[in-house]
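Enquirer: Chains as they are written, first to last, in our numbering: chain A, 370 to 562; chain B, 657 to 735.
#1: Count the other CB atoms, across all protein chains shown, that sit within 10 Å of the CB of residue 685 of chain B; report buried if there are 16 or more and exposed otherwise.
#2: Which chain A residues are close to residue 674 of chain B, counting only those with a beta carbon under 7 Å from its beta carbon?
#3: Are the stretch 413-433 of chain A and the stretch 382-393 of chain A in contact at 8 Å, needing three or more beta carbon pairs?
#4: Taking Cβ positions only, does residue 543 of chain A come closer than 8 Å to chain B?
#5: Straight-line CA distance for residue 490 of chain A to residue 709 of chain B?
#6: Step through the CB atoms of chain B and report whether any lies within less than 8 Å of the CB of residue 387 of chain A.
#7: Leaving out five residues on either side along the sequence, give the residues of the same chain with a beta carbon under 7 Å from the beta carbon of residue 508 of chain A.
#8: Going by other Cβ atoms of all chains shown within 10 Å of its Cβ, with 16 needed for buried, is residue 512 of chain A buried or exposed?
#9: Verify whether the separation of the beta carbon atoms of residue 460 of chain A and residue 724 of chain B is less than 8 Å.
#10: Sorted by chain position, which residues of the same chain lie with C-beta nearer than 6 Å to residue 544 of chain A's C-beta, five sequence neighbours on each side aside?
#11: Please tell me whether residue 705 of chain B and residue 462 of chain A are closer than 8 Å, where the distance is taken between their beta carbons.
#12: Using 10 angstroms around the beta-carbon of residue 487 of chain A, count the other beta-carbons present and answer buried if the total reaches 16, otherwise exposed.
#13: Under 8 Å: do the stretch 658-676 of chain B and the stretch 523-538 of chain A share three or more Cβ pairs, one atom per stretch?
#14: Taking C-beta pairs closer than 7 Å, name the residues in chain B that residue 460 of chain A reaches, listed in chain order.
#15: Applying a beta-carbon distance threshold of less than 9 Å, which residues of chain B neighbour residue 390 of chain A?
#16: Going by CA-CA distance only, name the one from B:730, B:666 and B:659 that's closest to residue 690 of chain B.
#17: Would you say residue 689 of chain B reaches chain A, if we count a Cβ-Cβ gap shorter than 8 Å as a contact?
#18: Taking only beta-carbon positions, decide if residue 409 of chain A is within less than 8 Å of chain B.
#19: Which residue's Cα is closest to the Cα of residue 435 of chain A: A:500, A:510, A:555 and A:466?
#20: Taking the CB atoms as reference points, tell me whether residue 393 of chain A and residue 405 of chain A lie closer together than 8 Å.
#21: Checking contacts by CB at 8 Å: is residue 437 of chain A closer than that to chain B?
#22: Relative to the C-alpha of residue 540 of chain A, which candidate in A:552, A:495 and A:553 has its C-alpha closest?
#23: Quick check on residue 521 of chain A: buried or exposed, where buried means 16 or more other Cβ atoms within 10 Å of its Cβ?
#24: Where are the alpha helix (DSSP H) runs, 4 residues long or more, that stay fully inside the stretch 498-557 of chain A, in chain order?
#25: Closest Cβ-Cβ distance between residue 677 of chain B and chain A: below 8 Å?
#26: How would you write the range of the alpha helix (DSSP H) that residue 385 of chain A sits in, first residue to last?
#27: Determine the burial state of residue 713 of chain B: buried for a count of at least 16 other Cβ atoms within 10 Å of its Cβ, exposed for fewer.
#28: Name, please, each residue of chain B whose Cβ falls closer than 9 Å to the Cβ of residue 500 of chain A.
Below, the structure is given as structure tokens:
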């Protein structure tokens with residue numbers, strides 16, 4: 370790579386760092402910095418493949434996702450070989466209604482969501498298996514379509530819908546577990562926000 | 657007619673408009689008479705908003721400094 374191209378890469382990559390880290394933080398939690406470094410190495414090696422700088426965000430995102438996928442495979446075997454976490458019974462909506470943590474509230478379910486601060490959300494996300502967390506983040510936080518995610522991972526759209534369904538159920542289960550473990554549902558409304 | 661369990665299973669796809677016309681009509685038919693599932697839809701909608709509106713993690717200054725430093729060393733690290 371020539372000097373001019375190296376400078377161009379550094380400038381383009383530097384621009385991507387904030388959102389790249391933000392996405393990595395949601396996808397791999399505390400390992401975000403390592404994941405971004407892996408992404409930068411691969412991007413550097415493949416910079417010739419980026420023809421249009423305008424396409425840099427999508428290009429970096431795809432590289433980061435490949436790194437995240439490789440990382441999950443390294444850490445826990447291939448995703449398809451992971452044991453399937455049984456889906457929780459019932460819904461979070463009903464669980465909240467049955468527990469009724471704030472009996473005088475007329476917006477019980479919204480009150481439940483309001484007890485979570487930003488860091489709590491990341492902790493809850495970290496508890497969801499990576500295979501299901503990644504599509505959850507891409508579709509429900511990044512705003513990608515299920516079709517886009519299917520193309521990124523080279524799978525059928527139905528597969529992504531199935532991952533999402535499971536991911537949402539697990540996220541709901543972990544929201545409740547986290548809230549009870551950290552006494553969030555026992556706290557008076559508005560005590561944390 | 658679909659059951660509550662089936663309607664709840666499809667609520668998010670319904671909200672995301674990922675259901676085909678037939679399944680969508682079935683969910684709507686169910687919601688027309690099931691108050692509890694209407695509550696489930698409202699909560700699913702709130703949860704979607706909750707996910708989308710959670711502030712994105714910011715890049716801590718010290719991490720940014722390390723990553724910028726890492727970029728500078730790439731020439732030596734990568735073949």
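From the three backbone atoms N, C-alpha and C, an ideal C-beta is built for every residue, glycine too.
No experiment lies behind these values; they were computed from the predicted model shown.
Expert: According to the data block:
#1: The residue labelled residue 685 of chain B in the question sits at position 29 within the second chain. Exposed: under 16 other Cβ atoms inside 10 Å.
#2: In the second chain, the residue the question calls residue 674 of chain B occupies position 18. By Cβ distance, chain A contributes 515 and 530.
#3: yes
#4: In the first chain, counting from the first residue as 1, residue 543 of chain A sits at position 174. Taking Cβ atoms only, chain B never reaches closer than 8 Å to residue 543 of chain A, which makes this a no.
#5: As a working note, residue 490 of chain A is residue 121 in the first chain. As a working note, residue 709 of chain B is residue 53 in the second chain. Roughly 11 Å between the two C-alpha positions.
#6: On the first chain, residue 387 of chain A is found 18 positions in, with the first residue counted as 1. True, the Cβ-Cβ gap to chain B drops below 8 Å.
#7: Stepping through the first chain from its first residue, residue 508 of chain A is reached at position 139. Cβ within range, chain order: 515, 518 and 533.
#8: The residue labelled residue 512 of chain A in the question sits at position 143 within the first chain. Residue 512 of chain A should be labelled exposed.
#9: The residue given as residue 460 of chain A occupies position 91 in the first chain. The residue given as residue 724 of chain B occupies position 68 in the second chain. It is not a contact, given that the beta carbons lie outside the stated cut-off.
#10: Here residue 544 of chain A is taken as the residue at index 175 of the first chain, counted from 1. 493.
#11: Numbered from its first residue, the second chain carries residue 705 of chain B at position 49. Numbered from its first residue, the first chain carries residue 462 of chain A at position 93. No, the pair does not count as a contact, with Cβ atoms beyond the cut-off.
#12: Locating residue 487 of chain A in the first chain gives position 118, where the first residue counts as 1. Exposed, since its Cβ has fewer than 16 Cβ neighbours within 10 Å.
#13: yes
#14: Position 91 of the first chain, counted from the first residue, corresponds to residue 460 of chain A. Within 7 Å Cβ-Cβ: 664 and 696.
#15: In the first chain, residue 390 of chain A corresponds to position 21, counting from 1. In chain order: 713, 714, 715, 716, 719, 720 and 723.
#16: Reading the second chain from its first residue, position 34 is the one you call residue 690 of chain B. Checked all of B:730, B:666 and B:659; the closest Cα to residue 690 of chain B is B:659.
#17: Start at 1 with the first residue of the second chain, and residue 689 of chain B comes out as number 33. Chain A contact via Cβ: absent.
#18: Translated into positions along the first chain, residue 409 of chain A becomes position 40. Closer than 8 Å: yes.
#19: On the first chain, residue 435 of chain A is found 66 positions in, with the first residue counted as 1. Nearest of A:500, A:510, A:555 and A:466 to residue 435 of chain A, Cα basis: A:500.
#20: Position 24 of the first chain, counted from the start, is the residue given in the question as residue 393 of chain A. Position 36 of the first chain, counted from the start, is the residue given in the question as residue 405 of chain A. The answer is yes: Cβ separation under 8 Å.
#21: Mapped onto the first chain, residue 437 of chain A falls at position 68. Chain B, which has no Cβ nearer than 8 Å to the Cβ of residue 437 of chain A, makes this no.
#22: Your numbering for residue 540 of chain A matches position 171 in the first chain. Cα-wise, what sits closest to residue 540 of chain A is A:495.
#23: Numbered from 1 along the first chain, position 152 holds the residue referred to as residue 521 of chain A. With 16 or more other Cβ atoms within 10 Å, it is buried.
#24: 499-509, 515-522 and 526-550
#25: Position 21 of the second chain, counted from the first residue, corresponds to residue 677 of chain B. It does not; no Cβ of chain A falls within 8 Å.
#26: In the first chain, counting from the first residue as 1, residue 385 of chain A sits at position 16. Looking at the DSSP string, the run of the alpha helix (DSSP H) that includes residue 385 of chain A is 372-397.
#27: What you label residue 713 of chain B is simply residue 57 of the second chain in a count that begins at 1. With 16 or more Cβ atoms within 10 Å of its Cβ, residue 713 of chain B is classed as buried.
#28: By one-based count along the first chain, residue 500 of chain A stands at place 131. Per Cβ cutoff of 9 Å: no residues; residue 500 of chain A is ~17 Å from chain B at best.
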